[in-house]
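Worksheet: one structure, shown below.
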Amino acid sequence: MLETRIAKELAYISQAGLARRITELYFVNPAQAQDRTGKTYLVLASNNYLGFTHAPEVIEAASQAALKFGTGSSGSRLTTGGTFIASELEKRLADFKHSESALVFNTGYMTNLGVLYGLLQTGDVVFSDELNHASIIDGCRISRCKVVVYKHNDMADLQRLLETEIVTGQRFIVTDGVFSMDGDIADLPSLAVLKKQFNAFLIVDDAHGVGVIGNDGSGTASHYGLTDVIDLQVGTLSKALAAEGGYVAGKKILIDYLINRSRPFIFSTALAPATLAAANAALLLLQTQASKYLDSLRANSRLMRRLLLEGGLNVVEGITPIIPVVIGEAGLTMQFADRLKSKGILVSGIRPPTVPRGESRLRITVTAAHCEEQLRQAAQIITALWQELKHGEKKEG
Ligand SMILES: *Cc1c(COP(=O)(O)O)cnc(C)c1O
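First residue of the sequence shown? That's 1 in the UniProt record's numbering, and the numbers climb one at a time after it.
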């Protein structure tokens, strides 16, 4: 019986200490959230890198759009839901990404499904980094073409696979720009060389790259100063851009094709006007005041990385605001995260299958909206608790 099967599976998940629970919080500002009881937490776990969710310009744009145009879009972009706010946002995104054209989807997840499902065909082979986001993995799965997974950011491995794999159709390479769990950056210069050598089509997902890396905050291409290398740049409106939705930017012919062939785009109701207006205002803010926000984000990232290192934690090196702290065992990692929560600090505990066994970690993120005092206090609590947990571990053998 189905329910027996499900109950068994749930019991297994629970016994393995892997049960997932939905949290209930609301943000009082980009750095702090409250639960139902009114307890306030310092959040070091959000993707709201620039704090734009609470920027007055963004809130004003969203409110005005809802007042003027209503709450829902009432149809798909191809029927009655095609507001001009979406087109305006797409123009801005294309410009920001130095591309001819852009297309908005309803989530970043759907964008990857829509792009990969829409573009890839039987006979094509897609080469995918082993640490790519789940939406890329799922997009590859439903694409009907062969998927070849290469070792994380390992260009020698990718080259070997590109050489040995027999391909009758098109070669695709797909990668995260900034990897969501490790916070490291794809090796775009090497990807550019391999792409040319093997005539491959390159897709980069900058969900954690936009608003984070590059002088103008536009992501991986800008970070390396390689604007013409990536064929399609995927991204989300839900992280630094403080709204909901995803997008893809590239040549107009590709975008025109996706409008006609991408089912997740065609068969879903368009985003609400307020959501689109929020993303548009957030992007405008990033375009006009990039250095102000990026400077504080980067200063906060550097400070937090340094404080945690000085506190003896095993921080994975990097430059992004995604700061992985490797703890090792899954139980200890979750205990660490739970204890921090009781002390008023929210960080994510990441365990298998998201990361390999023995590499469970805290994933700490900072934003431009944290102040130095908050970070110093948090680092102190985290390092003190780590000393306690580490010694507790030893005693128990
Ligand atoms: C978060 C994320 C997505 C999904 O974006 P949503 O808008 O949250 O659906 C896709 N790709 C990567 C790399 C991400 O980190």
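The beta-carbon is built from N, C-alpha and C at its ideal position, and this holds for glycine as well.
Taking 6 angstroms as the cut-off, is the C-beta of residue i nearer than that to any heavy atom in ligand 1?
{"i": "SER238", "result": "yes"}
{"i": "THR107", "result": "yes"}
{"i": "ALA45", "result": "no"}
{"i": "GLY183", "result": "no"}
{"i": "ASP205", "result": "yes"}
{"i": "SER348", "result": "no"}
{"i": "GLY246", "result": "yes"}
{"i": "ASP154", "result": "no"}
{"i": "ASP176", "result": "yes"}
{"i": "HIS223", "result": "no"}
{"i": "SER180", "result": "yes"}
{"i": "SER135", "result": "yes"}
{"i": "HIS208", "result": "yes"}
Kindly list the residues whose CB is nearer than 6 angstroms to the CB of residue i, restricted to its own chain and excluding five residues on each side of it in sequence; keep chain order.
{"i": "LYS252", "result": "GLU100 and SER101"}
{"i": "SER143", "result": "LEU116, TYR117 and LEU120"}
{"i": "SER348", "result": "ALA45 and ARG363"}
{"i": "VAL229", "result": "ALA192"}
{"i": "ASN47", "result": "LYS239"}
{"i": "THR80", "result": "SER74"}
{"i": "LEU131", "result": "HIS152 and PHE179"}
{"i": "THR107", "result": "GLY246"}
{"i": "HIS98", "result": "THR227"}
{"i": "TYR109", "result": "SER135"}
{"i": "residue 410", "result": "The structure shown does not extend to residue 410, since the chain is modelled only from 1 through 397, so no value can be given for it."}
Might you give, ordered along the chain, the residues of its own chain that have their beta carbon closer than 7 angstroms to the beta carbon of residue i, omitting 5 neighbours on each side?
{"i": "TYR49", "result": "GLY211, VAL212, LYS239, ALA240, LEU297, PRO321, THR367 and ALA368"}
{"i": "LEU25", "result": "ALA33, GLN34 and ASP35"}
{"i": "VAL167", "result": "VAL125"}
{"i": "GLY331", "result": "GLY17"}
{"i": "ARG361", "result": "PRO324, VAL325, VAL326, ILE327, THR333, ILE350 and VAL355"}
{"i": "ALA379", "result": "MET304, LEU307, LEU308 and GLY311"}
{"i": "VAL149", "result": "SER128 and GLU130"}
{"i": "GLY397", "result": "With a pLDDT of 41 at GLY397, under the threshold of 50, the modelled position of this residue cannot be trusted, and the question is left open."}
{"i": "SER190", "result": "MET155"}
{"i": "GLU57", "result": "ALA281 and LEU285"}
{"i": "LEU237", "result": "ALA243, GLU244, GLY245, GLY246, TYR247 and ALA279"}
Using a Cβ-Cβ cutoff of less than 8 angstroms, which residues in the same chain neighbour residue i once the five nearest sequence positions on both sides are dropped?
{"i": "LEU194", "result": "MET155, LEU158, GLN159, LEU162, ILE173 and ALA200"}
{"i": "PRO356", "result": "none"}
{"i": "GLN335", "result": "LEU389"}
{"i": "GLU9", "result": "none"}
{"i": "ASN112", "result": "HIS133, SER135, ILE136, ASP138, GLY139, ASP205, VAL234 and GLY246"}
{"i": "THR354", "result": "MET181"}
{"i": "SER63", "result": "ALA274"}
{"i": "ARG263", "result": "GLY114, TYR117 and GLY118"}
{"i": "GLY358", "result": "GLY328 and GLU329"}
{"i": "LEU283", "result": "LEU89, ARG92, LEU93, PHE96 and LEU241"}
{"i": "ILE85", "result": "ALA65, PHE69, PRO273, LEU276, ALA277 and ASN280"}
Could you pull the start and end residues of the beta strand (DSSP E) that residue i belongs to?
{"i": "GLN32", "result": "32 to 34"}
{"i": "LEU42", "result": "40 to 43"}
{"i": "residue 413", "result": "Any question about residue 413 goes unanswered here, given that the chain covers just 1 to 397."}
{"i": "ASP129", "result": "125 to 129"}
{"i": "ALA55", "result": "Where ALA55 is concerned, there is no enclosing beta strand (DSSP E), given that its DSSP letter is neither H nor E."}
{"i": "ALA102", "result": "101 to 105"}
{"i": "ARG363", "result": "360 to 365"}
{"i": "GLY235", "result": "232 to 236"}
{"i": "LEU202", "result": "201 to 205"}
{"i": "VAL28", "result": "26 to 29"}
Over what stretch of residues does the alpha helix (DSSP H) that includes residue i continue unbroken?
{"i": "TYR12", "result": "2 to 15"}
{"i": "ILE323", "result": "ILE323 -> not in any alpha helix (DSSP H); beta strand (DSSP E) instead, spanning 322 to 328."}
{"i": "GLY114", "result": "108 to 119"}
{"i": "ASN260", "result": "252 to 261"}
{"i": "ASP182", "result": "ASP182 -> no alpha helix (DSSP H), and no H or E assigned at all."}
{"i": "GLY349", "result": "Counting along the chain, GLY349 falls outside any alpha helix (DSSP H), though it belongs to the beta strand (DSSP E) covering 348 to 350."}
{"i": "LEU297", "result": "290 to 310"}
Item checked: Any 3 or more C-beta pairs closer than 8 angstroms across the stretch 125 to 133 and the stretch 270 to 288 -> no
Item checked: Inter-stretch contact (C-beta, 8 angstroms, three-pair minimum) for the stretch 267 to 276 and the stretch 69 to 83 -> yes
Notebook entry, point to check: Is the stretch 379 to 386 in contact with the stretch 307 to 321, if contact means three or more CB pairs nearer than 8 angstroms?
Noted result: yes
Check: Would you say the stretch 286 to 294 touches the stretch 213 to 224, given that touching needs at least three Cβ pairs under 8 angstroms?
Finding: yes
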